[in-house]
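K.L.:
My structure is below; once you've seen it, I'll send some questions.
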Amino acid sequence: MITIHNYIESIEQIGISNLPVLLKNFHNDLKEGTNDFTDWSVLEDGDIKESTELYFKELSKLLAVNKKAVKAEPKAKPAAPVKNKVSSIKSDKYFVGQNITLKTTGEKAVINKIFTIKSGNFIPGQGVQAPKVEYSFTINTKDSIKTVNEDEISIDVAPTQTKNTQASSDANQVENTSEDVKFIKSFVAFNNKQKTHAQIRSLLLRLQKAITHRLINKDSTYASEIGIVQDRLIKLAKATETSGGADIKLDNSLLSKLTAIAGGEIVYASIAYLKRYIGMQSKEIEKTKAESFVRQAEKAISSAKVEPTDPYLDRLKVAIKTVKNYITGKDKIVSISKTELNGLMGIVDGCGCGLAGTDDSPSEIMSSMDFVNLKFDTIGFKGKWLDLIGDPSPGFSAMIYGKPKFGKSYLCMDFAGYLAKNHGKVLYVASEEDLFITLQNKVREKGVADPNLFLTGTMPKDLSAYNFIFLDSVSKLGLSPEGLTALEKQYPLISFIYVFHVRKDGNFKGRNDFQHDVDIVIEVPEKGHAVQYGRFNQGGEMDIFEYDEAA
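Numbering-wise (the numbering used here), the sequence shown opens with residue 518 and increments by one.
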């Protein structure tokens, strides 16, 4: 089965030129969305994840067919007017994947395979002349696969075939493409392509999620351009609701502007290989996969794809040596030291510092004057929630505890409603009450019903569609501190709010590890009153009830 871990090797075995046009288009979109297959965070989007899994299944079928066909490749079926056709060939004039137009209908298509034809021309008085070599093709149209001859098509000159040539020479090499540039690249890739409503909506939702998580904000370098992109995507999404899709054509001035931005950042070639290396850590991986990594990385160095001036060339050479030790049996696993791993993570996550504060390595030292001027992304809390909690960053963790009937569930439901109305999608896992009338009463009384607020009695397997998740309660769900830590690592951009019951002595049920591991601690020490002891606004207080009600 093809996965994100063996995708590059699998697609090389199949050959991009051998992909049907729909799969090839998905491959190109995936390449753009994952920054050349180095950042798979786009799969956090549920729709994209589902589509990608289906794509991998289709590729797996294609790979299996290709393996069976290695011994005897079947001959292509000749079309009626074609004579002496041979197996698919390479041509200096045409190439697989080339965009064409059918002269008779004006229909757009893509060349799938290329063949030669030898045919004689009958001229009165001269008989049949010497065979003339021409071309024939199988092509993929929007709805079908056809066989056509050379004189039935015209070649489309695609302006994107020389894209970013000039920009690339002037581009700034970086460890990780900035979020705003990533989305601009993805949007530029839509130009001159037919996109479905689902594809347009998917990019729009990913962009809006990045904005919600403050990965892109008003201080981003290309904030105004992102605003234009978002506006265009919204209009396209609305326009394709009934039609199901559209041919995307950007006006020249906007295309030129966005193309210059898209080509303004190039990730160091070494980063892709270092990310693959990190993925091998402490694992017994297949030897063929390890050998493929070494072969490709060494080729990238020898061909200067990884340039001699690449600042991470030496790290890549160390990675190659480590993997070779595993291949030869010197090491049982691909072992990366904690110091080295943290340093590499710092690089591939885009900090560029090469230092990542570990217990056995020096920390980055910063002037206090520089530190106080640093800008940190926050969610943007307002009103009573700002007064109680402060303004935390995306991906915060909080615990709320108090005695029964003091109001902690009402507090949580009120907080969930505020987040849903202002900051993103919220999932409330109500394992204590499940989807019964008591929970319904709380939703009604607090007036928090909202399209962005979702309720369930059990924990779903996939949490990636949400920005905030309430777990009420941790003990009922049977979660340990280690389990919560694993959740937070799996979904680093999701904020988790944990609800705990307390014993008669006033302390919450569970180990003290819970309290040490969260950013925000909210206690309900008396009926209707909450106090916050966390990191963002220690000492904040709030009255829970507007009336004399309890939970």
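C-beta atoms are modelled at their ideal positions from N, C-alpha and C, and glycine is treated no differently.
Counting only the same chain and skipping the five closest in sequence on each side, list residues whose C-beta sits under 8 Å from that of leucine 724.
P.N.:
What you label residue 724 is simply residue 207 of the sequence shown in a count that begins at 1. Closer than 8 Å at Cβ, skipping near neighbours: Phe700, Ile733, Ile743, Val746, Gln747, Leu750.
K.L.:
May I have the straight-line CA-CA distance separating glutamine 798 from isoleucine 917, to the nearest angstrom?
P.N.:
Taking the sequence shown and counting its residues from 1, one reaches residue 798 at position 281. Taking the sequence shown and counting its residues from 1, one reaches residue 917 at position 400. Glutamine 798 and isoleucine 917: Cα-Cα distance of roughly 37 Å.
K.L.:
May I ask which residues mark the beginning and end of the alpha helix (DSSP H) holding glutamine 530?
P.N.:
Working through the sequence shown from its first residue, we reach residue 530 at position 13. Counting along the chain, the alpha helix (DSSP H) containing glutamine 530 begins and ends at 524-531.
K.L.:
Does DSSP classify tyrosine 945 as helix, strand or coil?
P.N.:
Taking the sequence shown and counting its residues from 1, the one referred to as residue 945 is at position 428. Strand.
K.L.:
Going along the chain, which residues of its own chain have a beta-carbon closer than 8 Å to the beta-carbon of alanine 786, five neighbours each way excluded?
P.N.:
Walking along the sequence shown from the start, residue 786 turns up at place 269. The residues are Ala817, Lys822, Val823, Glu824, Asp827.
K.L.:
I need the straight-line Cα distance from leucine 775 to phenylalanine 704, nearest angstrom please.
P.N.:
As a working mapping, residue 775 is identified with position 258 in the sequence shown. As a working mapping, residue 704 is identified with position 187 in the sequence shown. Rounded to the nearest angstrom, the two C-alpha atoms are 9 Å apart.
K.L.:
Going by other Cβ atoms of all chains shown within 10 Å of its Cβ, with 16 needed for buried, is tyrosine 1050 buried or exposed?
P.N.:
Position 533 of the sequence shown holds residue 1050. Classification for tyrosine 1050: exposed.
K.L.:
Threonine 757: which of Val965, His714, Ala789 sits nearest, CA to CA?
P.N.:
As a position in the sequence shown, residue 757 is number 240, starting the count at 1. Nearest C-alpha to threonine 757: His714.
K.L.:
Do lysine 663 and glutamate 549 have their C-beta atoms within less than 8 Å of each other?
P.N.:
Within the sequence shown, numbered from 1, the residue matching residue 663 stands at position 146. Within the sequence shown, numbered from 1, the residue matching residue 549 stands at position 32. For lysine 663 and glutamate 549, no; Cβs fall outside 8 Å.
K.L.:
The alpha helix (DSSP H) spanning methionine 930 covers which residue range?
P.N.:
To locate residue 930, count along the sequence shown from 1; it is residue 413. Start and end: 925-939.
K.L.:
Specify whether the region 970-989 and the region 939-951 touch according to this definition: at least 3 beta carbon pairs, one from each stretch, less than 8 Å apart.
P.N.:
A contact exists between the region 970-989 and the region 939-951.
K.L.:
Less than 8 Å between the C-beta atoms of isoleucine 906 and isoleucine 1037, yes or no?
P.N.:
Residue numbering aside, residue 906 sits at position 389 when the sequence shown is read from its first letter. Residue numbering aside, residue 1037 sits at position 520 when the sequence shown is read from its first letter. In this structure, isoleucine 1037 lies closer than 8 Å to isoleucine 906 by Cβ.
K.L.:
What does the Cβ neighbour count give for serine 760, buried or exposed, with the cut at 16 atoms within 10 Å?
P.N.:
Along the sequence shown, read from residue 1 onward, the residue named residue 760 stands at position 243. When all chains shown are included, serine 760 counts as exposed.
K.L.:
Alpha carbon to alpha carbon, how far is threonine 975 from lysine 792?
P.N.:
Start at 1 with the first residue of the sequence shown, and residue 975 comes out as number 458. Start at 1 with the first residue of the sequence shown, and residue 792 comes out as number 275. Going from the Cα of threonine 975 to the Cα of lysine 792 covers about 35 Å.
K.L.:
In terms of residues, what are the limits of the alpha helix (DSSP H) holding proline 998?
P.N.:
As a first step, residue 998 is located in the sequence shown; it is residue number 481 there, counting from the start. Element bounds for proline 998: 998-1007.
K.L.:
For a quick check, are the C-beta atoms of phenylalanine 1062 and glycine 924 less than 8 Å apart?
P.N.:
Along the sequence shown, read from residue 1 onward, the residue named residue 1062 stands at position 545. Along the sequence shown, read from residue 1 onward, the residue named residue 924 stands at position 407. Contact flag set, yes.
K.L.:
Sorted by chain position, which residues of the same chain lie with C-beta nearer than 7 Å to arginine 1028's C-beta, five sequence neighbours on each side aside?
P.N.:
The residue labelled residue 1028 in the question sits at position 511 within the sequence shown. Residue placement at arginine 1028 is poorly supported in this model, since its pLDDT is 48, which falls under 50; the coordinates still yield a value, given next. Cβ within range, chain order: Pro998.
K.L.:
In chain order, what residues of the same chain have a beta carbon less than 6 Å from the beta carbon of leucine 721, not counting five sequence neighbours either side?
P.N.:
Counting from 1 along the sequence shown, the entry for residue 721 is found at position 204. Once the five neighbours on either side are set aside, the close Cβ partners of leucine 721 are Leu750, Ala754.
K.L.:
Going by DSSP, name the residue or residues bridged to isoleucine 617.
P.N.:
Position 100 of the sequence shown, counting from 1, holds the residue named residue 617. DSSP lists Ala626, Ile672 as partners of isoleucine 617.
K.L.:
Would you tell me roughly how many angstroms separate the C-alpha atoms of threonine 618 and proline 537, rounded to the nearest one?
P.N.:
For this step, residue 618 is matched to residue 101 along the sequence shown. For this step, residue 537 is matched to residue 20 along the sequence shown. For threonine 618 and proline 537, the distance between alpha carbons rounds to 18 Å.
K.L.:
Going by C-alpha to C-alpha distance, which of Ala706, Gly912, Lys806, Tyr739 sits closest to lysine 766?
P.N.:
The sequence position of residue 766 within the sequence shown is 249, counting from 1. Minimum Cα distance to lysine 766 is reached at Ala706.
K.L.:
Can you tell which of Ile670, Ile783, Asn523 has its C-alpha closest to the C-alpha of valine 698?
P.N.:
Along the sequence shown, one-based indexing puts residue 698 at 181. The option with the nearest alpha carbon to valine 698 is Ile783.
K.L.:
Under the assumption that valine 965 contacts glycine 934 (Cβ atoms under 8 Å), give the Cβ distance between them as a whole number of angstroms.
P.N.:
Along the sequence shown, one-based indexing puts residue 965 at 448. Along the sequence shown, one-based indexing puts residue 934 at 417. Indeed, because the Cβ distance is near 2 Å, the residues count as touching under 8 Å.
K.L.:
With 16 other CB atoms within 10 Å as the buried threshold, where does glycine 1080 fall?
P.N.:
As shown, the chain starts at 518 and ends at 1068. That puts residue 1080 outside it, with no answer to give.
K.L.:
Less than 8 Å between the C-beta atoms of tyrosine 652 and glutamate 669, yes or no?
P.N.:
Residue 652 sits at position 135 when you count from the first residue of the sequence shown. Residue 669 sits at position 152 when you count from the first residue of the sequence shown. No, the pair does not count as a contact, with Cβ atoms beyond the cut-off.
K.L.:
From alanine 779 to isoleucine 850, what distance separates their C-alpha atoms?
P.N.:
Taking the sequence shown and counting its residues from 1, the one referred to as residue 779 is at position 262. Taking the sequence shown and counting its residues from 1, the one referred to as residue 850 is at position 333. Distance between the alpha carbons of alanine 779 and isoleucine 850 is about 39 Å.
K.L.:
Please report the distance separating the alpha-carbon of glutamate 1040 from that of proline 921.
P.N.:
Your numbering for residue 1040 matches position 523 in the sequence shown. Your numbering for residue 921 matches position 404 in the sequence shown. Answer to the nearest angstrom: the Cα atoms are 12 Å apart.
K.L.:
Within a Cβ cutoff of 7 Å, which residues of the same chain sit near glycine 941, ignoring the five residues on either side of it in sequence?
P.N.:
Taking the sequence shown and counting its residues from 1, one reaches residue 941 at position 424. Hits under 7 Å: Thr729, Asn969, Asn984, Phe985.
K.L.:
Which residue wins for smallest C-alpha separation from histidine 522, given the options Val835, Asp546, Asn545, Thr555?
P.N.:
Numbered from its first residue, the sequence shown carries residue 522 at position 5. Nearest option by C-alpha distance: Thr555.
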